[in-house]
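Here is the structure we will look at, set down as structure tokens.
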Amino acid sequence: MSAEEFKDYILGFIFYKYLSEKILNYSNDLLAEDDIDYLSLNDNNAESTKYLQAIKEEAIQGLGYFLKPSELFS
């Protein structure tokens, strides 16, 4: 792999990590009053699904994108 190809992959990973951290911080700020951590939410729980749907709507309006906790870089 050449340095040029390597750079393309690394920049993509860095950007993905940035988006993941931004949505994590944004979501944790929204959930702070309920004392819930974003990483603890999952699709298998009905209550978590309600929180995820509300966060999705807020994030798309505020950030322009949404990532589920299972889709984060970490």
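Here this note's numbering runs 2 ahead of the position in the sequence shown, where the first position is 1.
All residues carry an ideal CB built from backbone N, CA and C; glycine is no exception.
Reduced DSSP category for residue i - H, G, I as helix; E, B as strand; rest coil
i	result
Tyr2	The requested residue 2 does not occur in the structure, where the chain is confined to residues 3 to 76.
Ser76	coil
Asp10	helix
Leu43	coil
Ser50	helix
Residue i: CB within 8 Å of a non-hydrogen atom of the ligand COA
i	result
Phe68	Among the ligands in the structure shown, none appear at all, so the ligand COA cannot be discussed.
Rounded C-alpha distance that separates residue i from residue j
i	j	result
Tyr18	Ser72	14 Å
Leu33	Ser4	44 Å
Lys70	Ile16	18 Å
Glu59	Asn30	15 Å
Asn46	Gly14	30 Å
Ala2	Ala48	Outside the shown range of the chain, which is 3 to 76, sits residue 2, and nothing can be said about it.
Tyr11	Glu35	38 Å
Cβ neighbours of residue i in the same chain (closer than 6 Å, five flanking residues each side left out)
i	result
Phe75	Tyr18, Lys19, Ser22
Inter-residue CB distance, residue i and residue j (contact presumed, cutoff 8 Å)
i	j	result
Tyr53	Ile38	7 Å
Own chain residues within Cβ distance below 8 Å of residue i, not counting five before or after
i	result
Leu65	Lys24, Ile25, Tyr28
Thr51	Asp45
Report the residue ranges of all alpha helix (DSSP H) runs contained in full by the region 14-41; include only those spanning at least 4 residues, in chain order. none
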